[in-house]
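J.: Taking full-length UniProt numbering, I'd label the letters of the sequence shown as residues 1 to 271.
No residue lacks a Cβ here, since even glycine has one placed at the ideal position from N, Cα and C.
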Amino acid sequence: MQLSKLTVLSESIHHLVVNKNPSMFCQPPMNRQFYNNTVLHTLQEMGYDQQKLFPINRLDFNVSGCVCIGRSKIAAQQFSKNMKGGKWSNKGFIIDRKYVGLMEPIKSNKYLSQFKKLPLVEDDVGLIDVIVDGKQARTKYQIIDSDDDSGRKLVALRLLTGRKHQIRIHLNHLGYSIVGDYKHGYRNTSDKTTRSDDLPYSAPIALHGAYMRNKIGMKEYETFAPLQWSWKLSDGSGLWDWMIERGHMSGEQETFGELSDKIKEALRDLK
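1. Using CA coordinates, which residue listed in 150, 135, 67 and 143 is at the minimum distance from residue 166?
2. Is it buried or exposed, residue 247, if we count other Cβ atoms within 10 angstroms and call 16 or more buried?
3. Just to confirm my understanding: we take residue 258, look at its own chain, exclude 5 residues before and 5 after, and list those with CB closer than 7 Å. What are they?
4. Since I believe residue 103 is in contact with residue 163 (beta carbons under 8 Å), could you give me their beta-carbon distance rounded to a whole number of angstroms?
5. If we call anything under 8 Å between Cβ atoms a contact, is residue 67 one with residue 156?
6. Whole angstroms is fine: what's the gap from residue 24's alpha carbon to residue 230's?
7. Whole-angstrom Cβ separation of residue 95 and residue 19, contact assumed at under 8 Å?
8. Can you tell me which of 239, 83 and 138 puts its alpha carbon nearest to the alpha carbon of residue 154?
9. Tell me, to the nearest whole angstrom, how far the beta carbon of residue 272 is from that of residue 176; I am working on the premise that it is less than 8 Å.
10. Can you look up residue 11 in the DSSP assignment and give me helix, strand or coil?
11. Would you mind giving the Cβ-Cβ distance between residue 17 and residue 223, rounded to the nearest angstrom? I have them listed as a contact below 8 Å.
12. Within 10 angstroms of the Cβ of residue 159, are there 16 or more other Cβ atoms? Answer buried if so, exposed if not.
13. Rounding to the nearest angstrom, what Cα-Cα distance links residue 264 and residue 112 in this structure?
14. Can you check which of these residues, 205, 56, 142 and 29, is closest to residue 120 by C-alpha distance?
15. Could you have a look at residue 190 and say whether DSSP puts it in helix, strand or coil?
16. Going by alpha carbons, who is nearest to residue 146 out of 252, 242 and 8?
17. On a Cα-Cα basis, can you pick out the residue from 114, 69, 51 and 106 that is closest to residue 187?
18. Given that a residue counts as buried once 16 or more other Cβ atoms are within 10 Å of its Cβ, and exposed if not, what is residue 40?
19. Between the alpha carbons of residue 210 and residue 268, how many angstroms are there, rounded?
20. Leaving out five residues before and five after residue 59 in sequence, what residues of the same chain have Cβ atoms less than 7 Å from its Cβ?
21. Might you give, ordered along the chain, the residues of its own chain that have their beta carbon closer than 6 Å to the beta carbon of residue 228, omitting 5 neighbours on each side?
22. Look at the alpha carbon of residue 118 and the alpha carbon of residue 232, and state the distance between them as a whole number of angstroms.
23. Which same chain residues, not among the five before or five after residue 294, have their C-beta less than 6 Å away from its C-beta?
24. When the Cα of residue 170 is compared with those of 73, 148 and 139, which residue comes out closest?
25. Assign residue 78 to one of two classes, buried (16 or more other C-beta atoms within 10 Å of its C-beta) or exposed (fewer than that).
26. For the alpha helix (DSSP H) that contains residue 80, what are its first and last residues?
27. Is it buried or exposed for residue 43, if we count other Cβ within 10 angstroms and need 16 for buried?
28. Buried or exposed: residue 38, going by 16 or more other Cβ atoms within 10 Å of its Cβ?
Pasting the structure below:
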C-alpha cells in the first residue's frame, strides 16, 4: 500500500500538529536506511526548517495520528514543562492526547497469564493503573461500540502518563489486544502475513492518535486527525474497515477517514 506523506492539521507560530502515517518514524531509527522516513525530514521536504522543529510527543512507528511539533526551543521547553507537571498541570503550553483503538479478545491463555487481570468497564469510564517498565502508568478508557459476533470493541483512550507501548500493554491487562498488534497478544492466524517478525518493522496496527488539544497562552487549539490510511490485512480487508461498516468513519473518497460525530464527542468527553 502506498502511504501518503503526513499532513499538517493545525499550526501557529509556536507549534504544528501533524497527522503521521502508520509507517513513519518520529525520530531516526538505528538503521540509517530509514533516516529519511521521519516526521522532521518529511516536514523539511514540505518547506519547514528542520533545525527549528522539536518533536513534543512521539508515536510508535506503526501507529498513526497526532504528533505535536514545537517551532522553537522555547516552545518545546514550555510543552515539556506541561508534560512533566502531569495531566492536570496548567504550567507551560498544554498538550492533551487521546486515541481511538480497535481491540479484540486475546485467545491465548498462556499469553494472558503474565498479566494482572482487570475487569473491563463497559458502561462508564475505566481506569487502568498498572506499572509499565517499573514506572507508574495510568490510562483512562471508554468503550464506544461493541460487536458481539467478533468480540471487537472500539475504544477511546486517554494517556495520563506516557510510558513506552503503554496503551498496548494496558489493554492486555483487560484481556484484549489492538487489532494487528502481534507484539502484544494479537494472534489471528488468518493475518499471519502481516506479522511483525515477517517485516523489517512492524505493520500498522489499529491504534490512532485521533485527538489533540493544545493551549498556548489564552488560545486553544482542538485537532481531530482523520484516519487517512487503511492498511490491508492478508484477507484483503482494510485495518479499519470495521469502522466504516459501523458508520464511525467516512469511506467516501473525498472525505475518507473523517471521524464520526459520535467518536469526536467521545474523545472530547473523556476527561
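T.: Let's see:
1. 135
2. exposed
3. 226, 249 and 250
4. Incorrect: roughly 18 Å between the Cβ atoms, too far for contact.
5. no
6. 15 Å
7. Not confirmed; about 16 Å, so no contact.
8. 239
9. No answer is possible for residue 272: it lies beyond the span of the chain, which begins at 1 and ends at 271.
10. strand
11. 5 Å
12. buried
13. 32 Å
14. 142
15. Here residue 190 scores only 46 on pLDDT, less than 50, and its place in the model should not be relied on; the value that follows carries that caveat. It is helical.
16. 242
17. 106
18. buried
19. 11 Å
20. 20, 26, 65, 67 and 209
21. 257
22. 32 Å
23. There is no way to answer for residue 294, as the model of the chain reaches only from 1 to 271.
24. 139
25. buried
26. 73 to 84
27. buried
28. buried
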